[in-house]
Amino acid sequence: MNIPVLYSPSQTAKNPSSFSPSAAKPAIVAAALLEHGYPVSFHEPRPLHLSELCRAHDPAYVRGVLTCQKPNGFGNRDQAVAASLPYTSGSMLGAALAARPTMPACSLTSGFHHACWDSGGGFCTFNGLMVTAAALLAIGKAERVAILDCDAHYGNGTDDILRHRADLAPSILHRTMGGSRTQGPAYLRKLREFLAEIEGFEPTIILYQAGADPHEDDPLGGYISTEEMRERDRMVFEFARDGGIPLAWNLAGGYQRGGATGIDPVLALHLNTFREACSAYGLPVPAAMDVTWDAPHDPVKDWR
Ligand SMILES: [Zn+2]
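Numbering-wise (this note's numbering), the sequence shown opens with residue 1034 and increments by one.
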């Protein structure tokens, strides 16, 4: 069995007004997986209905964004962004439904966790993590959902939605590495603590944001090395595998630029996550991407 990857060109909107390269990233990662022969199988996500998005958001906000009356998480009212949104959350839910105890699944999606109950921000419009968790609970596909957020930034939107959907809170454990700013070995110790908490929660599925922006050269993150990021992914995959817990991960943040794709350093980090998944689940491990690392940008590490 290969790793199911949820991706559709429909989830990618050209959004030139944004600093974030995340909108183009899914297509770049999908092309690289194909080109380098990764053991993956692509699946088309189903666009979610308004009612499915409204499980995690104020219906007036959802309608306003989809009809371009209210700003999206990029701060614009772009029609192409609005059209892509049912696919991005659909991609995460699709990955969650495709994940098995013996094989994780990946959604080629990024910003979710800054999206709050009735507002977006930080490149996030709808919170696909909470939309997915709420859907899994509503349709009886999960009893308890663990959200392990290893993006560099704090998952404030996820917390906000949990406050508004207090009825879901007992069934969802949210742990976010963002904001702690622990570095190196301390980062991995913190992750180990989170994994112990997740083990105690006995989740029936794990949603894992494998952000590339904690990397030490990232202009918006920056506190663990390439090898520590691989160790992070290895710990998470081995934890899920050993516990027989289905796991769906997504790309989340990553803002380094450079190389032929424009985001080669970030692409290499996301491919490393796939390589760790291959290793943990007994699939052939492709070679690491050869990247000439550009000099780091001037860090803007106080960004939220
Ligand atoms: Zn981030």
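From the three backbone atoms N, C-alpha and C, an ideal C-beta is built for every residue, glycine too.
Remember, predicted model here, so these are calculated numbers, not experimental data.
Next on the checklist: Less than 7 Å separating the Cβ of Ala-1148 from some heavy atom of ligand 1?
Outcome noted: Taking the sequence shown and counting its residues from 1, the one referred to as residue 1148 is at position 115. No, ligand 1 has no heavy atom inside 7 Å of this Cβ.
Checklist entry - So is Arg-1337 buried or exposed if we call it buried at 16+ other beta carbons inside 10 Å? => result Locating residue 1337 in the sequence shown gives position 304, where the first residue counts as 1. Any reading at Arg-1337 must be qualified, since the residue scores a pLDDT of 32, below 50, and its modelled position is unreliable; the value itself is stated next. Exposed: under 16 other Cβ atoms inside 10 Å.
Next on the checklist: Less than 7 Å separating the Cβ of Asp-1192 from some heavy atom of ligand 1?
Outcome noted: Taking the first residue of the sequence shown as position 1, residue 1192 is located at position 159. False, no ligand heavy atom lies under 7 Å from that Cβ.
Checklist entry - Across which residues does DSSP place Ala-1241 in a beta bridge pair? => result For the purposes of this step, residue 1241 is taken as the residue at position 208 of the sequence shown. A quick correction: the sequence has Tyr, not Ala, at residue 1241. Leu-1181, Trp-1282, per the DSSP bridge assignment.
Item to check | Spatial neighbours of Leu-1126 in its chain, beta-carbon cut-off 6 Å, leaving aside the 5 residues before and after | outcome: Here residue 1126 corresponds to residue number 93 of the sequence shown, with the count starting at 1. Answer for Leu-1126: Thr-1165, Ala-1168, listed in chain order.
Item to check | Complete beta strand (DSSP E) runs within the segment 1135-1167 (minimum length 3 residues, chain order) | outcome: 1138-1140
Item to check | Option in Ala-1293, Lys-1058, Val-1269 with minimal Cα separation from Asp-1182 | outcome: Numbered from 1 along the sequence shown, position 149 holds the residue referred to as residue 1182. Among Ala-1293, Lys-1058, Val-1269, the Cα nearest to that of Asp-1182 belongs to Val-1269.
Checklist entry - Ile-1296 lies in the beta strand (DSSP E); which residues open and close that run? => result For the purposes of this step, residue 1296 is identified with residue 263 of the sequence shown, where counting begins at 1. From DSSP, Ile-1296 is part of no beta strand (DSSP E); its letter is neither H nor E.
Next on the checklist: Whole angstroms are fine: how far does the CA of Ile-1205 sit from the CA of Gln-1216?
Outcome noted: One-based indexing of the sequence shown puts residue 1216 at position 183. One-based indexing of the sequence shown puts residue 1205 at position 172. C-alpha separation (whole angstroms): 27 Å.
Checklist entry - Rounded to the nearest angstrom, how far is the Cβ of Val-1095 from that of Ile-1036, given a contact under 8 Å? => result Translated into positions along the sequence shown, residue 1095 becomes position 62. Translated into positions along the sequence shown, residue 1036 becomes position 3. Not quite, the Cβ-Cβ distance comes to about 31 Å (not below 8 Å), so this is no contact.
Item to check | Exposure label - Val-1333; buried when at least 16 CB within 10 Å | outcome: Along the sequence shown, one-based indexing puts residue 1333 at 300. The pLDDT assigned to Val-1333 is 43, lower than 50, so where the model puts this residue is not dependable; a value taken from the coordinates is nonetheless given after this. Exposed, by the Cβ-count rule.
Item to check | For Thr-1142 and Thr-1361, believed in contact at Cβ under 8 Å, the rounded distance | outcome: The structure shown does not extend to residue 1361, since the chain is modelled only from 1034 to 1337, so the question has no answer here.
Next on the checklist: Going by the DSSP bridge assignment, what does Thr-1209 pair with across the sheet?
Outcome noted: On the sequence shown, residue 1209 is found 176 positions in, with the first residue counted as 1. Asp-1182, per the DSSP bridge assignment.
Checklist entry - Along the chain, where does the beta strand (DSSP E) that runs through Phe-1107 open and close? => result Here residue 1107 corresponds to residue number 74 of the sequence shown, with the count starting at 1. Segment: none, Phe-1107 is in no beta strand (DSSP E) and carries neither H nor E.
Item to check | C-alpha distance - Leu-1118 paired with Arg-1308, whole-angstrom precision | outcome: Here the question's residue 1118 lines up with position 85 in the sequence shown. Here the question's residue 1308 lines up with position 275 in the sequence shown. Cα-Cα distance, rounded: 28 Å.
Next on the checklist: Please classify Ile-1172 as buried or exposed, where buried requires at least 16 neighbouring CB atoms within 10 angstroms.
Outcome noted: Position 139 of the sequence shown holds residue 1172. Counting Cβ neighbours within 10 Å, Ile-1172 comes out exposed, since fewer than 16 surround it.
Checklist entry - What are the start and end residues of the beta strand (DSSP E) that includes Ser-1074? => result As a first step, residue 1074 is located in the sequence shown; it is residue number 41 there, counting from the start. Start and end: 1073-1076.
Checklist entry - With 16 other CB atoms within 10 Å as the buried threshold, where does Pro-1298 fall? => result Locating residue 1298 in the sequence shown gives position 265, counting from the first residue. Answer is buried; the Cβ neighbour count reaches 16.
Checklist entry - Any heavy atom of ligand 1 closer than 7 Å to the CB of Ala-1175? => result Position 142 of the sequence shown, counted from the first residue, corresponds to residue 1175. Result no, Cβ not under 7 Å from ligand 1.
Item to check | Beta-carbon separation (whole angstroms), Pro-1137 vs Ala-1285, contact threshold 8 Å | outcome: Start at 1 with the first residue of the sequence shown, and residue 1137 comes out as number 104. Start at 1 with the first residue of the sequence shown, and residue 1285 comes out as number 252. Their Cβ separation, rounded to whole angstroms, is 15 Å, which puts Pro-1137 and Ala-1285 out of contact at 8 Å.
Item to check | Residues bridged to His-1248 [DSSP beta-bridge criterion] | outcome: The residue given as residue 1248 occupies position 215 in the sequence shown. DSSP, once it has assigned bridges, lists Ile-1257 as partnering His-1248.
Checklist entry - What are the partner residues of Val-1098, as DSSP defines its beta bridges? => result Position 65 of the sequence shown, counted from the start, is the residue given in the question as residue 1098. Partner(s): none; Val-1098 has no beta bridge.
Checklist entry - According to the neighbour-count rule (16 or more other Cβ atoms, all chains shown, within 10 Å of its Cβ), is Arg-1225 buried or exposed? => result Walking along the sequence shown from the start, residue 1225 turns up at place 192. By the 10 Å Cβ count, Arg-1225 comes out exposed.
Next on the checklist: I'd like the list of long-range same chain contacts for Lys-1103, defined as Cβ closer than 6 Å, with 5 residues on each side in sequence excluded.
Outcome noted: In the sequence shown, counting from the first residue as 1, residue 1103 sits at position 70. Taken in chain order, the residues that qualify are Gly-1097.
Checklist entry - What are the residues that DSSP puts in a beta bridge with Gly-1291? => result Along the sequence shown, one-based indexing puts residue 1291 at 258. Beta-bridge pairing links Gly-1291 to Ile-1296.
Checklist entry - Pro-1203 to Glu-1235, Cα distance in whole Å? => result Mapped onto the sequence shown, residue 1203 falls at position 170. Mapped onto the sequence shown, residue 1235 falls at position 202. When rounded, the distance between both Cα atoms is 12 Å.
Next on the checklist: To the nearest angstrom, how far is the alpha carbon of Gly-1295 from that of Ser-1041?
Outcome noted: Within the sequence shown, the letter at position 262 stands for residue 1295. Within the sequence shown, the letter at position 8 stands for residue 1041. The alpha-carbon atoms of Gly-1295 and Ser-1041 are separated by roughly 21 Å.
Next on the checklist: Whole angstroms are fine: how far does the CA of Tyr-1187 sit from the CA of Gly-1254?
Outcome noted: One-based indexing of the sequence shown puts residue 1254 at position 221. One-based indexing of the sequence shown puts residue 1187 at position 154. Cα to Cα, the separation comes out at about 11 Å.
Item to check | Limits of the beta strand (DSSP E) - the one that Leu-1081 falls within | outcome: Start at 1 with the first residue of the sequence shown, and residue 1081 comes out as number 48. Element bounds for Leu-1081: n/a, residue is neither H nor E.
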